Amino acid sequence: MASLIAGYEYDIFISYRQNDNRHDGWVTRFVDHLKAELESTFKEELSLYFDLNPHNGLLDTHDVDESLKEKLKCLIFIPVISRTYCDPKSFAWEHEFKAFAEMASNDNLGLKVTLHSGNVASRILPVRIHELDDEDKELIESEIGGVLRAIDFVYREPGVNRPLTPDDDEHGNLSGTRYRNQINKTANAVREIILALLSDNHPATKGKRDGKEPWEEPGKKPAAYRKYQVSKSSHRTLMLAILLPLIVIAALLFGLSRTPGKLRGTTGLNEKSIAVLPFELIGTGDGNRWIGDALTDEIISQLCKINDLVVRPRTSVMKYREAEKSIPDIGHELGTNYIIEGNCQIFNDIVRITVKLINVRKNQQLWSSVFEGTWDDLHGMQTDIAIKTASTLQAVLTPEEKARLVKNPTGNPGAYRDFLKANVLSDNALYYLLAGNKFIDSISFAAAISMYDRAIDEDPGFALAYARRAVARSWGYYSGQLDETHVDECKADADRAFELDNNLAEAFIARGFYNYYCVGDFNEALSQFSRAAETDPANFQPLFYMAMVCRKKGEWQRSQELIRKVISKEPRDALVLINIGTSYALMHSFDSALIFFRKSIDALPEWPGPYLNTMEAYMLRDGNTARARGVFDTLKARTGHTDAYYSSMLDICDGRYHDALALLQSSANDGFESPGLRYLMAGLAYSLINNKQMAASYYDSALVMYKMMILDNPDDFYSYSCSGLAYAGLGNATDAVIAGKTAVQLAGDNSLMKQDMILNLAKIYAMTGNYTEALRQVEHLLTQPSWFSLKLFNTDPVWKKVSETPEFRGLEEKLNDLNKPLKY
518 MASLIAGYEY DIFISYRQND NRHDGWVTRF VDHLKAELES TFKEELSLYF
568 DLNPHNGLLD THDVDESLKE KLKCLIFIPV ISRTYCDPKS FAWEHEFKAF
618 AEMASNDNLG LKVTLHSGNV ASRILPVRIH ELDDEDKELI ESEIGGVLRA
668 IDFVYREPGV NRPLTPDDDE HGNLSGTRYR NQINKTANAV REIILALLSD
718 NHPATKGKRD GKEPWEEPGK KPAAYRKYQV SKSSHRTLML AILLPLIVIA
768 ALLFGLSRTP GKLRGTTGLN EKSIAVLPFE LIGTGDGNRW IGDALTDEII
818 SQLCKINDLV VRPRTSVMKY REAEKSIPDI GHELGTNYII EGNCQIFNDI
868 VRITVKLINV RKNQQLWSSV FEGTWDDLHG MQTDIAIKTA STLQAVLTPE
918 EKARLVKNPT GNPGAYRDFL KANVLSDNAL YYLLAGNKFI DSISFAAAIS
968 MYDRAIDEDP GFALAYARRA VARSWGYYSG QLDETHVDEC KADADRAFEL
1018 DNNLAEAFIA RGFYNYYCVG DFNEALSQFS RAAETDPANF QPLFYMAMVC
1068 RKKGEWQRSQ ELIRKVISKE PRDALVLINI GTSYALMHSF DSALIFFRKS
1118 IDALPEWPGP YLNTMEAYML RDGNTARARG VFDTLKARTG HTDAYYSSML
1168 DICDGRYHDA LALLQSSAND GFESPGLRYL MAGLAYSLIN NKQMAASYYD
1218 SALVMYKMMI LDNPDDFYSY SCSGLAYAGL GNATDAVIAG KTAVQLAGDN
1268 SLMKQDMILN LAKIYAMTGN YTEALRQVEH LLTQPSWFSL KLFNTDPVWK
1318 KVSETPEFRG LEEKLNDLNK PLKY
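Following my numbering, the numbering of the sequence shown begins with 518 at its first residue and continues without gaps.
Right, here's the structure in full:
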């Protein structure tokens, strides 16, 4: 049976090493189950090539080019990745995997596919049945040109590494995966790719593959953030799964809004406050959906250049896309007096934008206008909308502001169009990153950079495009989604932007992000953000960036001075608000922290980040889990977000150790930063029920995991700290303390991470019975900004044990005196 797309022999090609099927027929059973699942997933019947009989199939003695070439002309290539597959001597590797990768890269469809969600996937869909050795992983990643993203069919227990079978109980599998679910995931992944390819093959786009953008439909940008921070080394602070003091990713990607914030403002509802709701695209198909997002962003950006207006940020308004709420209700929630809403239509090269300005309190339309022109006129139309709005609201528009409004960043309409697409892609990449979907992030950052490339190719003098590309590179690199080649390219982009326009605030911001994210030069980052603030004094974002850099440097007095300036301007950006709350929590001012976490929730209720920080603040303030559990229930009800880490952490804090273990054994690894964290938590839980054998087994597995990470990155203080906790769980006090101290030393000038490593070192001392040294570290933590409170001694089983010692009773009064908010 032919493929669904003309010119291709099969829809799916299954590639595997015969060794993996010879003894128990695992691959055969997998193919049978996949076929059954595909039948219930597709209306059409898919053609699948699977060489069952090695004697009747393609052998090394056959002419590979003739026998295999036609069969490899498939839409999707599924390699069954095992410990024997990644072998240059293997027929499947050399003549199937590598051959398909080369063939697909050069055919009409291309190796990469743009899904309907706007994300990009590969036509190689790996299925992994073993944990791979590093050299095998490097080999396959060198061929695919990126990180291996596979659907796992691996059964894991301590010391066990084998293919998952239908009879395996997911509760005993450390991966928490179930065979039936993984089959379903594979079929769904096939469906996404096939639907995208069929769309690409539609007569309207057929034959235009060479000019296809690396995306089609960005879709809604999820504002949901995953709790844990993302860094180049996946650094994450650990307290051995007992009230992990998280600094959510927003604290690292601090408020990465491209929309300037206004410095002029007053407390209360500002008279000239305005929000721009997401623009709706009418007709023209999904391929142009980006235009609505781009128009929303750019009109917000233009309005923000008028200092007499207070404009709500993009993150506050995107949740109202397709929202069934009245304008007065939306205005009340956003705290604005005026709202802009509109739509856009595309007719070949004509862009028509319909805009309405509405008085929220009166629910009255002040004006409605249609702006129409070619792509050459798009920037001018956005400027006209901003100027007409300012005039209606009688906002003061200075000559300098008007000059900034009318200044066209490029005279090339094609470059501007690609620039707007790149901005939307970059925003999508950031928000998908914060949602925890790393596969999508990596591709999306790369896609955004590719689109900036196109804009710059069309206009090599496009300074703003260089600046934005530099920022995208810094985000992608720091998050671990882009490799080190982007570091030098980031610097080159930022420097080129400055050469082209040495008065461009975004060029200084790009240099700031390069120094902050790529090379860790906090002093230079602070200098660059300061110059951005001087260049664009109406924008509070550079001041906020400065505050975050000062915080990381440990310059708390200056950081708080800057934050107070930002607070006075009534920020409504959830990212800004959560970071303000985080700063207060670090200073042990938990009541103030809770206020700003609540504001962050109100600004972006679908984002889990502020809920999780609220849970931690309550536990640090109250010393119990009651309110934290209530917040967690609200989080799940509002967002659907479930979190195995926090669920098991709460159970451990409440003494429900068996419940925690049941959850740890049934949960997938994606609920944790790494399998190592899961092993540590299981080791702790088993130790608390006095099952020393199982505790040792899990601690040992965690230690192996983190040692491997240290070998990969000798400067990884996170992994040193975690290995110290694992050593402590195994009773090896000497190596535990050495690893913990090494983590503190490696944290260097990063004040936030250093305090977290000290916190873990204190836990190591407590676990190994050195209570005097543990309490000495506690004294330090109570007098320095940190995610710590003496209330932890009420909930954390390790600290509870310390509280029962003579060493603690001798210091209890002193520690209670120190357990209070810090003043800066």
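C-beta atoms are modelled at their ideal positions from N, C-alpha and C, and glycine is treated no differently.
For clarity, every value in this text was computed on a predicted model and none was experimentally measured.
In whole angstroms, what is the alpha-carbon distance linking residue i and residue j?
| i | j | result |
| --- | --- | --- |
| D650 | I657 | 11 Å |
| H1158 | L1152 | 7 Å |
| G1246 | W1124 | 35 Å |
| E526 | A989 | 39 Å |
| S1100 | T703 | 43 Å |
| S943 | I966 | 8 Å |
| P605 | F617 | 15 Å |
| E562 | N705 | 15 Å |
| I759 | N1040 | In this prediction, I759 scores a pLDDT of 34, lower than 50, which makes its location untrustworthy; the coordinate-derived value is nonetheless stated afterwards. Distance between the alpha carbons of I759 and N1040: 34 Å. |
| S818 | A903 | 9 Å |
| L628 | A1154 | 40 Å |
| L1228 | S659 | 20 Å |
| L1339 | L1278 | 22 Å |
| L1181 | G676 | 18 Å |
| E1072 | V1066 | 9 Å |
| A1291 | F1325 | 10 Å |
| R1081 | E648 | 50 Å |
| I857 | I791 | 7 Å |
| S1047 | E1296 | 35 Å |
Looking at residue i: is its Cβ nearer than 8 Å to the Cβ of residue j?
| i | j | result |
| --- | --- | --- |
| L1111 | A1134 | yes |
| G1140 | N1311 | yes |
| V941 | A811 | yes |
| A1042 | A1014 | no |
| Q899 | E815 | yes |
| I598 | L565 | no |
| D653 | R600 | yes |
| F1234 | M1270 | yes |
| V834 | K789 | no |
| Y933 | Y995 | no |
| F1149 | M1136 | no |
| D1090 | A1064 | no |
| Y1237 | A1253 | no |
| Y1203 | L1220 | no |
| A1011 | Y969 | no |
| M1274 | A1283 | no |
| A609 | R534 | yes |
| L707 | L589 | Reading the sequence as shown, one finds Val at residue 707 and not Leu. No, they are not a contact pair. |
| E619 | S532 | no |
Taking the DSSP output, what are the residues bridged to residue i?
| i | result |
| --- | --- |
| I856 | A792, I875 |
| I641 | F594 |
| Q862 | I799, R869 |
| W884 | L874 |
| G890 | V868 |
| V1315 | DSSP, once it has assigned bridges, lists no residue as partnering V1315. |
| V828 | I791 |
| E674 | V677 |
| Y527 | C591 |
| I668 | V644 |
| L505 | There is no way to answer for residue 505, as the model of the chain reaches only from 518 to 1341. |
Who are the near neighbours of residue i in its chain, counting only those whose CB is closer than 6 Å to its CB and skipping five residues on each side?
| i | result |
| --- | --- |
| A1102 | A1110, A1134 |
| R921 | K822 |
| P683 | Y696 |
| A1049 | A1022, F1025, I1026, P1059 |
| I1206 | Y1174 |
| C1007 | A987, R990, S991, Y1031, C1035 |
Residue i and residue j look like a contact to me (Cβ under 8 Å); what is the Cβ gap, rounded to whole Å?
| i | j | result |
| --- | --- | --- |
| Y672 | R679 | 5 Å |
| T906 | L794 | With 8 Å as the limit, T906 and L794 do not qualify as a contact, their Cβ atoms being about 13 Å apart. |
| S520 | L592 | 6 Å |
| V1319 | Y1288 | 6 Å |
Can you name, in chain order, every residue of its own chain whose Cβ lies under 7 Å from the Cβ of residue i, other than the five neighbours on each side?
| i | result |
| --- | --- |
| R869 | C861, Q862, V887, E889 |
| F1114 | I1095, G1098, P1127, N1130, T1131, A1134 |
| K1069 | F1039, N1267, S1268, L1269 |
Within 8 Å (strictly less), CB to CB, does residue i reach chain D?
| i | result |
| --- | --- |
| S564 | Of the protein chains in the structure, only one exists, and it is not chain D. |
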